[in-house]
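In the numbering used here, the protein residues as written are 7 to 312.
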C-alpha cells in the first residue's frame, strides 16, 4: 500500500506484513515540518518499506524518532533504523530504554506471546544506548510527551500542534467507509482499567483536534473518539464481568467465544467487524480474545483482593 498524505506536513506509512489480514493495520507517521519526525517504526521486516517512503519524500535526516511503546509491531525496527540514521535521537518511556539497548528479553517475550507472527515481524536489533532518551524529559521540537500507561506500562503519547499520536492508548481504529469506523480496546494481559481510564482522561485534558492511531489511520474528532473509547472500556468491563459467572464451569475457549459473541452484539463500535474480509476477521478475533483476557485478569485480581 502506498504512502498516504494526510496533509502537506503529515504522512501515514502503511507497513503491511507478510501475514494474512495484516494489511492497512500497522503504520508509522512522518511529520515533515520545521523538524522531521517519525512516530513509531513498525517491525524490522518492514524497515525497508519505511526507508523507501522516507526517501520518496526526500528525507535524508530525522530530527527524532518518537516511540509510543516498545512492542515489536511499533518498535521492532528501531535498531535497524538506527543503522541507517546513526545520529537520530530515539525517544521512548524510561522503562523501555534498557530493553531497546538489549532487546533479548523483548524478542523472547514476543516469540512466546506471538509465535509465528513474531517470526514474520522479524527480530529486534539493539539500539545504541547513546541514542535513547527518556520521553518524560524530552522538551524539544514543540512536542508534548504524555505518559499513557494502560495498553502497556511503557506507553507514551505525543501531542504536536493539532495532532495527537496516541499509539494504542485510544484503542485500535479502522476506517470502514462513509464515515463509519471500527474501534476496539487494546487491553492485553496485564491490564488495569483504572490506569487506562486515567491515561485517556489525561489525553482528553489536552484537548487535541486530530487523533493519529498506531493501528490504523486518523480521525479529525479526537475528543469524541477518546470519550467514545472511555465509554467502550466501561461497557467491556460490565459485559466481561457478567460473563465471568460462567468462567468456572466453562472451558477458557468457550468462555472467550461467549464473551466475544456478546461483545460483537452489544458494542456498536465493533459493528465494522462484520464488514471485514475473512482474513482480517481472523486477525481481529485473536486480538479481541486477547483483550478479553486482559479484562478477565483485571477482574479476577479485583475479586482476589477485595
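Yeah, the Cβ is synthetic: ideal placement off N, Cα and C, and Gly gets one too. Keep in mind it's a predicted model, so treat the numbers as computed, not measured.
Buried versus exposed, by CB contacts within 10 Å (16 or more), residue 292
exposed
With DSSP collapsed to three states, give me the class of residue 233.
helix
I believe residue 174 touches residue 140 by the beta-carbon criterion, under 8 Å. Please report the beta-carbon distance rounded to the nearest angstrom.
Not quite, the Cβ-Cβ distance comes to about 20 Å (not below 8 Å), so this is no contact.
Determine the closest residue to residue 26 out of 206, 312, 288, with distance taken between C-alpha atoms.
288
C-alpha distance - residue 131 paired with residue 165, whole-angstrom precision:
28 Å
Identify whether residue 302 lies in helix, strand or coil by the three-state DSSP scheme.
helix
Given 8 Å as the limit, is there contact between the region 295–310 and the region 256–265, that is, 3 or more CB pairs closer than that?
yes
How about the region 147–165 and the region 174–183: do they share at least three Cβ pairs that are nearer than 8 Å?
yes
Residue 51 in three-state terms, based on DSSP:
helix
Go through its chain and collect everything with a Cβ distance to residue 149's Cβ below 6 Å, but skip five positions before and after it.
164, 166
Can you give me the C-alpha to C-alpha distance between residue 276 and residue 183, rounded to a whole angstrom?
14 Å
How long is the line joining the alpha carbons of residue 307 and residue 67, rounded to whole angstroms?
47 Å
Within the region 34–78, ranges of the alpha helix (DSSP H) (whole runs, at least 4 residues):
53–62
What is the residue span of the alpha helix (DSSP H) that residue 199 lies within?
199–211
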